[in-house]
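Worksheet for the structure shown next.
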């Protein structure tokens, strides 16, 4: 709810969030003013003949930009050439984003004060001095990209980052305001690269510098707090993210006022964390407040509005309103495509979220097409070793397991697990999600011992990270219960299902579709144990909940008709069972209809189902 966010395979939920994947475009656009993007692309051309011939030429274009003059880097066919450059050279473009973010983050510090220039001329002058100092620093930093200086060495994005980080700490120690801003922007670039540990380290340093320069009650300090809170969320530290983002929200409201767009940003981020923690009431309150503020200030077709719509869709998904979720996701996707073009991290997030929604609605062909589109887009955007690529691998692997394509699912999920262990460390909610998905595949393959090991590893991780009362803990308990039933241990399965049911009712509410599904499974296990009264009671409750949550014509409802009818036949209530089976034979899919007809044949007085 990416969607929100933690579990990215059904039944627990879609990969919702962050709906701020990669470098946040809204934030980056504020930094990319005028011709800076053109300057940076020219500096990074692979063909030396197309680059600046010397550092002096780069310096001159930077000076012209700061002075508001036309720059010499912009060719008449810039749009076409940039498009071709991006398609051919993904890694250099990441470097371009890095340098653009760094340069723009400093060269437009003056613009931050433009609205108050008449009353704060001294501040503007100070900011311009700072921007010019940053430009000088960056020219010297990127001197190594000059062919005359590089001497054949290929300067990679990470090399540039490492050099820049060291020089920022050493050479800008006497300029803490510039240093703080540079550390923050570099942290965002590490975030875009999927290196969350380095991103957090830089975010912490930036916060300390901002507090030292501006004090605890300043907009820059609030921005640094927000950045740190978001990174803590990406690393799976939801408690730390919650406390940090709450501090950022309070500070932004106090310093900027309650209607500032930065307040809406923090509300959005805090809502994603609240959803990851299972606090859906707080999620709804925060998202609706952020949406109202953004719509009022930006209009309905803005990317930031679509971001909040995406997160509201993720919440509807979590609450079992799959039709409502699909509507929100489709609305968000349309806005993203209008504002961002054909390929963008947020488009990939929303495609993946739509796929999860289509899957739970039973439209597997449509879901698979969306999953594959999102995966291909993420590979183009990020390369193969990135957390968002792992997310797509996990969700597509889950779908292929359901479709019985075990070999393809195994390849995808093995890659996803290796990526998440390498990128996220040994304990992370997203890693637990892949363990659960892979456990489901191993169970389907009949490799029960391996499936149990994976389920138990995920359960322990989730309890440690999220607490026993979280919906994802219930998912792990349900997975173990299903496995125990397959292994012929119905008493153990019933115990685990009861535990999962108690957690789900508390975490999701008593009317959630997942509660209905767990009641269904518990009823089937009670029937295995010969507890027919309990089985019928659980299946009746599951059917009533599913009708309300999913609609009378949903395939799950038809399947529940058959399950309840089987328990009633075993109990001797054949007349009631016959009515349920007549409905299921006409309303379910082919498999459900076949089950219904087979049970009808066991009732001597039953009439053949219509069309049967």
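Numbering (our numbering), first residue to last: 118 to 729.
From the three backbone atoms N, C-alpha and C, an ideal C-beta is built for every residue, glycine too.
Review point. Taking the C-alpha atoms as reference points, what is the distance between residue 283 and residue 335?
Key: Whole-angstrom Cα-Cα distance: 27 Å.
**Study point:** Sequence-distant residues of the same chain with beta carbon closer than 7 Å to residue 643, five excluded per side
**Key:** Annotation for residue 643: 611, 651, 652, 655 place their beta carbon closer than 7 Å to its own, counting only its chain and skipping 5 residues before and after.
Exercise for review: Helix, strand or coil for residue 398, going by three-state DSSP, please let me know.
Suggested key: In the three-state scheme derived from DSSP, where H, G and I count as helix and E and B as strand, residue 398 is classed as helix.
Practice item. Taking residue 720 as part of the alpha helix (DSSP H), name the residues at either end of that continuous run. Key: That residue, residue 720, is in no alpha helix (DSSP H); it is neither H nor E in DSSP.
Practice item. Compare the Cα-Cα distances from residue 323 to each of 458, 301, 678, 605 and report the closest residue. Key: It is 301 whose Cα lies nearest to the Cα of residue 323.
Point to revise | Distance CB(residue 702)-CB(residue 710) smaller than 9 Å | key: Yes; because the gap between Cβ atoms is below 9 Å, this pair is in contact.
Check your understanding: Between the beta-carbon of residue 567 and the beta-carbon of residue 579, is there less than 9 Å?
Key -> The answer is no: Cβ separation not under 9 Å.
Check your understanding: Counting pairs of Cβ atoms below 8 Å between the segment 622-637 and the segment 665-674, do you hit three or more?
Key -> Verdict: yes, contact present.
Check your understanding: Quick one: what does DSSP say residue 383 is sitting in, helix, strand or coil?
Key -> Assigned with DSSP and collapsed to three states, residue 383 falls in helix.
Exercise for review: Tell whether a beta-carbon distance below 9 Å holds between residue 576 and residue 558.
Suggested key: Not a contact, by the Cβ cut-off of 9 Å.
Review point. How would you label residue 670, buried or exposed, when you count the other beta carbons within 10 angstroms and need 16 or more for buried?
Key: It counts as exposed.
Review point. Would the beta-carbon of residue 582 fall within 9 Å of that of residue 353?
Key: Going by C-beta atoms, residue 582 is nearer than 9 Å to residue 353.
Review point. How would you write the range of the alpha helix (DSSP H) that residue 699 sits in, first residue to last?
Key: In the DSSP annotation of this structure, the continuous segment of the alpha helix (DSSP H) that includes residue 699 starts and ends at 691-704.
Review point. Mind checking residue 386: buried by the 16 CB within 10 Å criterion, or exposed?
Key: Label assigned to residue 386: buried.
Point to revise | Residue closest to residue 574, alpha-carbon to alpha-carbon, out of 512, 662, 596, 673 | key: Of the candidates 512, 662, 596, 673, the one whose C-alpha sits nearest the C-alpha of residue 574 is 596.
Exercise for review: Assign residue 411 to buried or exposed, taking buried as 16 or more other Cβ atoms, counted over all protein chains shown, within 10 Å of its Cβ.
Suggested key: Sixteen is the threshold: when 16 or more other Cβ atoms of the shown chains lie within 10 Å of the Cβ of residue 411, as they do, the residue is buried.
Check your understanding: Do the segment 405-419 and the segment 446-465 make contact, defined as three or more Cβ pairs closer than 8 Å?
Key -> Yes, since at least three Cβ pairs between the segment 405-419 and the segment 446-465 fall closer than 8 Å, the two stretches touch.
Practice item. Return helix, strand or coil for residue 604, following the three-state DSSP convention. Key: Residue state, collapsed to three classes: coil.
Check your understanding: Counting pairs of Cβ atoms below 8 Å between the segment 516-524 and the segment 537-551, do you hit three or more?
Key -> Output reads no: the segment 537-551 does not touch the segment 516-524.
Point to revise | Where the alpha helix (DSSP H) containing residue 448 begins and where it ends | key: Membership of residue 448 in the alpha helix (DSSP H) is indicated by the continuous run 439-457.
Check your understanding: Buried or exposed: residue 585, going by 16 or more other Cβ atoms within 10 Å of its Cβ?
Key -> So residue 585 counts as exposed.
Review point. Near residue 551, what residues of its chain come up, given a Cβ to Cβ distance below 6 Å and the 5 sequence neighbours on each side ignored?
Key: If we look at residue 551 and ignore the five residues flanking it on each side, its Cβ neighbours are 511, 533, 534, 537.
**Study point:** Contacting residues, own chain, Cβ-Cβ under 8 Å from residue 311 (five flanking each side not counted)
**Key:** Here the set comprises 499, 502, 503, 504, 505, 540.
Review point. From residue 570 to residue 473, what distance separates their C-alpha atoms?
Key: Distance between the alpha carbons of residue 570 and residue 473: 26 Å.
Check your understanding: Looking at the structure shown, is residue 628 part of a helix, part of a strand, or coil, going by DSSP?
Key -> Of the three classes helix, strand and coil, the one that applies to residue 628 here is coil, per DSSP.
Review point. Which residues in the same chain have their Cβ closer than 7 Å to the Cβ of residue 439, if we skip the five residues on either side of it in sequence?
Key: Within the same chain, 474, 477, 478 come within 7 Å of residue 439 by CB-CB distance, once the 5 residues on both sides are set aside.
Review point. Just how far apart, CA to CA, sit residue 406 and residue 381?
Key: Cα atoms of residue 406 and residue 381: separation of roughly 7 Å, rounded to the nearest angstrom.
Point to revise | Residue span of the alpha helix (DSSP H) that contains residue 664, given as start and end | key: That run of the alpha helix (DSSP H) goes 649-667.
**Study point:** Nearest to residue 530 (by Cα), restricted to the options 555, 521, 613
**Key:** Closest in C-alpha terms to residue 530, from the list 555, 521, 613, comes 555.
Practice item. In the DSSP assignment, find the alpha helix (DSSP H) that holds residue 676 and state where it starts and stops. Key: Run containing residue 676: 672-688, per the alpha helix (DSSP H) assignment.
Practice item. Taking the CB atoms as reference points, tell me whether residue 430 and residue 442 lie closer together than 9 Å. Key: Yes, they are a contact pair.
Review point. Thinking C-alpha only, which one of 487, 561, 637 is nearest residue 520?
Key: Ranking 487, 561, 637 by Cα distance to residue 520 puts 561 first.
Review point. What is the C-beta distance between residue 399 and residue 391, in whole angstroms, given that I count them as a contact (C-beta under 8 Å)?
Key: Under the criterion of beta carbons closer than 8 Å, residue 399 and residue 391 qualify as touching, at roughly 4 Å.
Practice item. Tell me whether the beta-carbon of residue 718 lies closer than 9 Å to the beta-carbon of residue 699. Key: No, these two residues do not count as a Cβ contact at 9 Å.
Exercise for review: Please say whether residue 278 and residue 303 have beta carbons closer to each other than 9 Å?
Suggested key: Contact: yes.
Check your understanding: Which runs of the beta strand (DSSP E) spanning at least 3 residues fall entirely within the segment 273-361, listed in chain order?
Key -> Listed in chain order, nothing qualifies, since the segment 273-361 has no complete beta strand (DSSP E) run of 3 or more residues.
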